Structure formats: structure tokens, C-alpha cells
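These notes concern the structure reproduced below.
As C-alpha cells, this is what we get:
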């Protein structure tokens with residue numbers, strides 16, 4: 001497909017053209033079972049993240065404004081009873097699924113791929129019924145589009161300061177919605193162009209609520225891009241690879257082969273990972289090591305004199321934060337993570353809220369934790385050593401944290417995560433039927449009905 | 001003010017902090033009369049541009065989608081009878097005022113400063129009554145914010161491919177709306193942060209309808225940024241100058257002094273210019289020369305053998321386009337501009353619509369026009385030479401086109417432009433009362449009432 005396309009795409013330039021052909025031409029029959037299964041894992045994990053995130057103060061604030069600008073209560077808000085119009089619901093659900101950064105992470109780009117795409121599709125499915133198969137296929141296409149665009153500008157794009165989930169996610173949302181609207185090739189190209197006009201999001205906003213605006217906009221803006229394209233609102237022929245197009249302006253020396261190579265053969269969603277803990281991935285092996293230490297019979301909390309965390313230089317750079325005051329900051333604090341696991345034996349969203357951060361016991365233990373660089377240790381690994389009174393020490397080395405590509409969460413672990421998160425953010429909801437519906441998504445007749453199982 | 005601020009801004013970092021203080025602290029009494037007058041010229045010129053632009057196909061398409069997502073018909077659409085909610089109306093009016101690029105141009109940055117700011121303020125004024133003075137003051141503050149941010153990243157920002165009107169305009173809209181909402185300093189800072197999360201717009205979309213999406217979003221997104229900040233949605237301390245903030249990510253080696261220097265003393269709006277013709281500014285002297293040639297008693301259209309346009313290399317680079325097919329392309333075609341002026345003696349929006357472009361007489365004359373570089377000629381100047389049968393030639397050299405900073409349009413010329421544009425895009429509206437109301441804006445008790453004079 002890609003090779004045919006590159007010689008003469010029906011519309012668009014040499015990069016956007018083949019991508020449009022893939023968006024419209026890909027069929028679920030050609031998608032390997034493993035790929036489809038990973039798509040459902042990602043969607044399920046996303047629902048969990050939104051069930052946990054929907055009560056965050058940031059989401060409450062967004063709802064208080066967007067609720068004033070919603071024309072019809074036509075689309076569900078995950079974990080809540082409010083309903084908004086499709087644009088508003090897509091915005092809020094994307095923000096809520098990503099607010100803790102507890103949704104999926106594409107390991108090639110660190111995009112959170114599901115948040116921009118799934119909320120757009122499920123909101124649309126509530127007003128324009130489509131089957132679960134069609135939604136799944138559109139989801140796969142959207143994820144592929146955003147991750148490939150992200151790869152074409154990685155790693156420089158994020159490093160420069162672009163919040164890649166938002167900047168690239170809007171293309172995924174636009175492509176996925178174009179597909180379910182059954183736009184023709186020219187209008188699908190325009191949908192990508194209309195997305196390029198709205199692509200935004202800065203790393204400077206991470207750690208503040210403003211981050212979630214760009215994530216919300218990536219889902220909302222993709223729907224808007226496709227709806228405007230449907231009316232014939234034109235965009236450029238090459239919104240991605242044109243001299244003043246997305247990849248050139250937001251990337252340095254973009255590699256377009258990442259976008260067009262092996263379309264329909266190689267699936268980026270297979271590089272997707274799911275976090276066991278709601279914090280920066282560099283902390284995964286640290287937390288795993290702490291769980292192991294805590295279950296050691298020789299461990300005793302009262303005897304802890306000090307904790308030494310050793311890891312890759314990136315671990316120290318990103319997560320050596322002894323004094324943090326908010327849950328959001330704590331998500332990137334090794335000191336806080338060590339403390340809550342050793343104290344509570346847990347590292348869920350409840351351990352990263354503002355109350356947990358200011359708990360005196362946690363504060364006291366945090367002060368005893370030291371983070372040091374150990375250049376020999378890979379970024380996926382970490383060693384944690386606890387010094388106890390009477391000069392005893394316990395140490396654990398973890399080579400690959402849970403949730404890394406080498407140690408993916410099992411399906412059952414994802415289900416447990418969903419239940420835990422629902423228990424945190426939406427106590428009255430039993431997610432059992434939601435979990436079943438997602439695993440059986442290809443058989444669901446009306447994909448919009450899944451949202452009824454995720455409402456609070 | 002600026003110096004005090006830089007030493008210890010009440011909120012924010014060393015760049016965003018002083019800017020916030022200016023947004024909140026500036027008072028109309030301290031603004032020189034000349035500055036206030038230029039603000040009213042810009043607003044009036046904007047209303048004219050929107051009265052002319054509101055029937056464009058792009059605006060029709062936007063209305064057909066946004067009309068489906070408007071919660072209340074509370075805010076007016078310039079030149080039309082539809083009403084949308086404030087977010088939708090701000091979006092459409094910004095797009096419509098800029099769709100022909102016939103609105104104001106800030107000569108230091110080529111930002112079109114009024115389109116992102118005025119529609120946001122007038123839409124808000126329709127739902128939260130404020131005086132004309134307050135609107136004028138907020139407008140001045142918004143324009144100052146966007147142009148200063150633009151200057152801090154110019155000229156690299158636009159050159160790289162950023163549609164600077166949209167990327168910077170959203171900060172102007174956010175600041176202006178924060179001011180009329182009477183947000184405190186912290187929330188005003190967050191409004192800027194919330195704007196930074198949405199700043200978008202690519203030069204690749206120019207010449208297509210997708211351009212207008214980013215312009216519409218700059219006005220809408222600024223309102224949203226301020227409304228979210230009002231609820232307490234937090235942003236970063238230094239959204240502009242932070243290491244992953246707007247200026248660092250979308251600019252190379254930004255000069256922050258352009259933002260903080262002489263705040264309240266130097267006013268960027270004094271560098272604003274107004275176009276006499278709805279096309280690229282490089283064409284202004286060419287068109288002026290053609291008007292002069294056409295009124296020469298020796299000129300005869302039937303005798304024209306050829307036309308030679310000489311100018312700065314930029315003129316050829318931007319406007320040597322012998323074959324164009326749409327009005328939008330024609331706006332940057334020297335060939336088309338020469339042809340319509342020599343044939344019709346006019347260069348208004350009617351001469352740049354799709355019909356005019358495909359008129360056989362225009363096509364025939366276009367083929368006779370040659371654009372050549374004359375390195376000695378400045379970018380503000382041009383020479384046009386017409387060869388007539390019987391070996392006669394007529395030539396005109398124009399040193400400064402009308403509408404350049406050296407030859408600004410007079411107030412009367414702006415009024416004429418508004419009347420012409422209303423005649424094109426909104427025939428049933430006599431803009432006399434609108435014109436009076438803008439000149440008397442400081443005395444208008446309810447600024448929202450001005451919109452009633454601009455409705456179709």
C-alpha cells in the first residue's frame with residue numbers, strides 16, 4: 001500500500017497522501033489479532049484512568065466552564081452523571097483520562113495515544129451510531145496516525161518542549177473521526193490540515209492544570225477538524241511535510257519514512273505500554289523494588305534509617321524531588337514514591353493526592369531518601385537499598401520495572417487497575433460490564449452504548 | 001512600572017510577571033490620545049473587514065458547524081443575522097475579519113492584531129455589559145500583549161512557519177478578557193498559561209480555509225483561557241519565558257526586552273497599518289502605480305501590449321503568480337492585481353473573488369504582465385511600465401504604497417473602506433452609525449450595543 005501510494009497518492013503530497021489512503025483503506029480483517037487485542041487493552045486502561053481522574057479539581061473546573069457552553073447533553077462524561085455535547089465530552093474525557101498521566105504510553109514517542117482518540121470516537125458514537133468493529137478500526141487508524149507523526153519528529157520535538165500527546169494527538173483524533181464520518185480522500189486530507197491549524201501544547205504546562213487543556217483540545221479539535229472538512233473547508237495539500245507544515249515547523253529534520261513506511265504492516269500500538277503506578281515511568285522499577293523490600297521478613301518500617309535509590313542519570317534528573325507539596329509534583333518524586341510504598345504498601349492514585357503528600361509520616365520518611373546516579377544502571381532499572389538500625393541493610397535490584405515493554409501488565413492486571421481506579425474516582429460504579437464490553441468490542445452493535453457502562 | 005516589576009513581580013516569572021502587572025495596572029487616563037485614536041482606527045477597520053468577509057465560503061462553512069454547537073444566541077455575528085454563544089461568535093468574527101487579510105497589520109511583526117482581540121471583547125461585552133472605555137482599554141492591553149510577544153520571537157517565528165497572528169493573538173485575547181473579567185494577578189497569569197497551552201497556527205495553511213481556523217481559535221481560545229483561569233485552573237509561573245514556554249519553544253533566542261521594556265510608555269499599536277487593498281502588502285505600490293497609469297490621459301486599455309512590474313526581490317518571490325484560479329491565490333498575484341486595476345479601476349474585495357479571477361478579460365491582460373527584480377528598489381516601492389501600441393510607454397514609480405507607515409490611510413479613507421466593504425458583504429447595512437459609535441467609543445455606555453450596529 002505505502003509503496004503504491006508514494007508513487008501516486010490520489011490526493012495530497014508524498015507524506016500526507018499515503019497516510020490518507022491508509023486512513024481510508026485499512027480494514028479490520030487485515031489487522032492481526034495481537035494488534036486488535038492491544039487496542040482493547042489500551043481502551044480499557046484509558047477507561048480506568050478516566051474513572052480515576054474524573055473527580056480531579058482540574059476536571060471540575062473544566063466542567064464548570066464547558067457545561068455553560070454545551071448545546072445538548074448528548075455525550076457521556078466517564079465516571080460522572082453530567083452529559084455534554086460531543087465536542088465538550090470529548091474534551092473532558094480526554095483531559096480526565098490523562099490528568100494523572102496514568103493512561104497508556106507509546107514507548108517510541110511517550111505519546112499517551114488513547115486520550116486524544118478514544119474520547120472523540122466514543123462521543124461521536126453516542127450521536128451517530130456505529131458498531132464496535134468500526135470504532136475499533138477507526139481507533140487503530142487514529143493511534144497509528146498520531147504515533148507515526150510523533151515518531152517522525154522524535155526525539156527533538158518533545159525535547160524542545162512540545163507536549164507530544166496533544167500536538168500529535170489531534171491528528172489521530174481528526175483521522176479517526178474522518179474515518180467514521182466516511183469522508184472522501186480529499187476531505188480526509190483537509191481534516192488533517194484543519195488539525196494542523198490547531199496543533200498545540202507545551203511541556204512548560206506539565207505539572208499544572210493547563211496541561212489538560214491541550215489534551216482536551218486534541219480530542220475536541222480533531223472532531224472539529226473532521227466536521228469542518230466534511231462541509232468542504234479546505235486545507236493545504238501537504239499539512240505534514242510541506243515546507244511550513246507540521247513536521248517542518250514543529251520538528252527538526254523530520255524523518256518522513258516513519259510516517260509512510262510499512263503502513264498497514266507495522267503497527268505502532270504494539271509499542272504501547274500501561275503504567276502500574278500513576279507516576280513518571282522512570283519510577284516504576286524504584287516502586288517495584290520498594291514493594292519487594294517491604295515484603296521482606298527482615299523489613300521493619302520503624303527501623304528505617306535511610307533509603308538509597310540508585311539509577312540512570314535520567315532518574316535523578318527527573319525524579320530527585322525531596323520536597324513536594326501537591327499530588328501532581330509527587331508523581332515525579334522518587335522520595336515520595338519510596339515513602340508511600342514503604343509506609344502504605346500501595347502506589348495508587350490515593351497515594352498521590354494532596355492529602356497523601358502532606359501526611360506527616362510520609363514527610364518524615366521522604367527526608368531519609370537519597371537519589372544517586374549509578375551510570376551502570378539502565379533507565380528501565382533501579383536499585384533500592386534500605387539501611388535499618390543495627391547496621392542491617394536490605395537491597396533490591398529491579399532490571400525492568402512492571403509496565404515496561406519487557407514486563408507488560410497482564411490483561412488481569414489491567415482489569416485490577418480499572419477496578420482500583422473506579423473505586424477511587426467513581427465508587428458507585430462496578431466496572432465489570434464495562435470491562436466485558438471492551439474485551440468484546442468487535443461484537444458490540446452500538447459502540448456508543450459502551451459509554452453508558454462508564455457513566456457515574 | 002516595568003522596572004519596578006522586573007525587580008519583584010507580584011506573580012509569575014521575570015517576563016510574564018511584569019506583563020501581568022501591565023495588563024491589570026494600565027489605565028486609559030495614562031494612554032496618549034494618539035494611541036487611543038489608533039486603537040479606534042484599528043477597530044473600525046476591523047469591522048469593515050468583517051462586514052466584507054462574512055459571506056465568504058469559509059465563514060459559511062464554519063457557521064454551519066459552529067451553529068450546531070452554540071448553546072445560546074447571545075452574541076452577534078458581524079454583517080449577519082445569526083447569533084452564537086460568545087465562544088462561537090468570537091471565533092467566527094475573528095475569522096471573518098481576517099479572511100481576506102484586509103484587517104490591520106502591525107508593521108513590526110505582520111501580526112493582524114485586532115482580529116484575535118476585538119471579537120473576543122465585543123462578544124463578552126454582549127453578555128457582561130461594560131463601558132466603551134473599559135473595552136477600549138482592554139483592547140489596547142490585548143494588542144500590546146500580542147504584539148510584544150510577537151516581537152520577542154520575530155522575525156524567526158513567522159519565517160519558520162508560524163502564523164503569528166494566531167499564535168500570538170491568543171495571548172492578546174486572553175489578556176484582554178482577563179482584564180474585563182477583573183481577574184486577579186494570579187488568575188491573569190494563569191490565563192496567559194492557558195493561552196500558551198492552545199497557541200497554534202501554521203503558515204502552510206495560508207491560501208486555504210484552514211488558516212481561518214487558527215485565527216478563530218485565537219479569539220475563542222483567549223476567552224476560554226480567561227474563563228478557565230477565573231475558575232482557578234492553574235498554569236505555569238512563566239508561560240512565556242520558561243525553558244519550555246512559548247517564547248523558547250516557538251522562538252529561537254527570544255529577546256524578552258521586547259516584552260517587558262517600556263511597558264505603558266511605548267505602544268505597539270502606533271506601528272499598526274491599514275491596507276487600502278485586500279492583498280499582500282508588497283502589492284500596494286504596484287496597485288497605486290496602476291491607478292496612476294490608468295488615469296493618465298494617454299492610457300488606453302485597448303492599446304496595452306505589455307506591462308512590466310519592477311520591484312524588490314521580495315515582490316517577485318511573493319507575488320509573481322501569472323496563473324491563479326481562486327480569489328485567495330489572486331490576493332498574492334501581481335499579474336491579477338495589475339489586470340483588475342487597469343481594467344476596472346478598482347482593487348476591492350469584488351476584484352479578488354473567484355469570479356473576478358476567472359473573467360476572460362482579466363485572464364487575457366494577466367498574460368501580458370511581467371514581474372522583474374530591480375534590486376535598487378526598496379520593498380515599499382515599485383515601478384510599473386505599460387507598453388502601448390505605437391511604441392509609446394507610460395511609467396509610474398511609487399516610493400511608498402498607500403497604507404505603509406509612511407503613507408497611512410486617513411480616517412476618511414478608513415471610513416470609505418468600511419462603506420465599500422459593507423456594500424460588498426452586507427448590502428443592506430448602512431455603517432454610518434457603526435462608524436460614529438467606534439469614533440465615540442469612550443462615550444459609549446454599553447460597548448455590547450455597538451455590535452447591534454454591525455449586525456446584518
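Chains as they are written, first to last, in our numbering: chain A, 1 to 456; chain B, 1 to 456.
For glycine and all other residues, C-beta sits at the position ideal for the given N, C-alpha and C.
Keep in mind it's a predicted model, so treat the numbers as computed, not measured.
Beta-carbon contacts of residue i that lie in its chain and below 7 Å, excluding the five residues immediately before and after
i, result
"residue 55 of chain A", "425"
"residue 280 of chain A", "318, 319, 331, 332"
"residue 1 of chain A", "Any reading at residue 1 of chain A must be qualified, since the residue scores a pLDDT of 40, below 50, and its modelled position is unreliable; the value itself is stated next. So the list reads 21, 22, 25, 263, 264, once near-sequence residues are dropped."
"residue 410 of chain B", "none"
"residue 324 of chain B", "330, 333, 336, 357"
"residue 290 of chain A", "338, 341, 342, 384"
"residue 420 of chain A", "348"
Beta-carbon gap between residue i and residue j smaller than 9 Å
i, j, result
"residue 214 of chain B", "residue 172 of chain B", "no"
"residue 176 of chain A", "residue 194 of chain A", "no"
"residue 248 of chain A", "residue 241 of chain A", "yes"
"residue 383 of chain B", "residue 392 of chain B", "no"
"residue 456 of chain A", "residue 78 of chain A", "yes"
"residue 145 of chain A", "residue 63 of chain A", "no"
"residue 93 of chain B", "residue 123 of chain B", "yes"
"residue 102 of chain B", "residue 349 of chain B", "yes"
"residue 132 of chain B", "residue 442 of chain B", "yes"
"residue 88 of chain B", "residue 70 of chain B", "yes"
"residue 161 of chain B", "residue 254 of chain A", "no"
"residue 153 of chain B", "residue 86 of chain B", "no"
"residue 327 of chain B", "residue 354 of chain B", "yes"
"residue 224 of chain B", "residue 198 of chain B", "yes"
"residue 438 of chain A", "residue 268 of chain A", "no"
"residue 457 of chain B", "residue 169 of chain B", "Look at the range of chain B in this structure, 1 to 456, and you will see that residue 457 of chain B is not part of it."
"residue 283 of chain A", "residue 334 of chain A", "yes"
"residue 316 of chain A", "residue 372 of chain A", "yes"
"residue 434 of chain B", "residue 450 of chain B", "yes"
"residue 236 of chain B", "residue 210 of chain A", "yes"
Residue i classed as buried or exposed, judged by whether at least 16 other C-beta atoms fall within 10 angstroms
i, result
"residue 188 of chain A", "buried"
"residue 300 of chain B", "exposed"
"residue 5 of chain A", "Note that residue 5 of chain A scores 43 on pLDDT, short of 50, meaning its location in the model is unreliable; the coordinates nonetheless yield the value given after this. Under this definition residue 5 of chain A is a buried residue."
"residue 113 of chain B", "buried"
"residue 305 of chain A", "exposed"
"residue 212 of chain B", "buried"
Identified DSSP bridge partners for residue i
i, result
"residue 75 of chain B", "B:84"
"residue 387 of chain B", "B:306, B:393"
"residue 311 of chain B", "B:373, B:382"
"residue 272 of chain B", "B:106"
"residue 162 of chain A", "A:202"
"residue 398 of chain A", "A:382"
"residue 266 of chain B", "B:263"
"residue 455 of chain B", "B:78"
Cutoff 6 Å; reference residue i; Cβ partners in own chain excluding five residues on either side
i, result
"residue 108 of chain B", "151, 271"
"residue 179 of chain B", "23, 138, 141"
"residue 228 of chain A", "194"
"residue 352 of chain B", "278, 327, 330, 331"
"residue 388 of chain A", "303"
Chain E contact residues for residue i, given Cβ-Cβ distances below 7 Å
i, result
"residue 208 of chain B", "Absence of chain E from the displayed structure is noted, the protein chains being A and B."
Cβ-based neighbour list, residue i, same chain, cut-off 8 Å, excluding 5 preceding and 5 following
i, result
"residue 362 of chain B", "336, 339, 340, 343, 356"
"residue 381 of chain A", "285, 311, 312, 397, 398, 399, 400, 401"
"residue 34 of chain B", "270"
"residue 417 of chain B", "45, 48, 274, 276, 409"
Identify each residue in the stretch 165 to 180 of chain A for which the Cβ-Cβ distance to at least one residue of chain B is less than 7 Å, and report them in chain order. Here the close residues number zero.
Using a Cβ-Cβ cut-off of less than 8 Å, list which residues of the stretch 231 to 249 of chain B approach chain A; keep chain order. Residues passing the 8 Å Cβ filter: 231, 232, 233, 234, 235, 236, 238, 239, 242, 243, 244, 245, 246, 248, 249.
Identify each residue in the stretch 410 to 430 of chain B for which the Cβ-Cβ distance to at least one residue of chain A is less than 9 Å, and report them in chain order. Residues of the stretch 410 to 430 of chain B with a C-beta atom less than 9 Å from some C-beta of chain A do not occur.
Interface positions of the stretch 58 to 85 of chain B facing chain A (Cβ-Cβ less than 8 Å), listed along the chain: So the list reads 58, 61, 62, 64, 65, 68, 69, 70, 71, 85, given in the order they occur along the chain.
Relative to chain A, which residues along the stretch 109 to 133 of chain B have a C-beta separation below 8 Å, given in chain order? Against chain A - using a Cβ distance shorter than 8 Å - the stretch 109 to 133 of chain B contributes no residues.
For the stretch 252 to 275 of chain B, list every residue whose C-beta sits within 8 Å of some C-beta in chain A, in sequence order. Within the stretch 252 to 275 of chain B, not one residue has a Cβ closer than 8 Å to any Cβ of chain A.
What residues from the stretch 362 to 392 of chain B come within 7 Å of chain A, judged by C-beta to C-beta, listed N to C? Those would be none; no residue qualifies.
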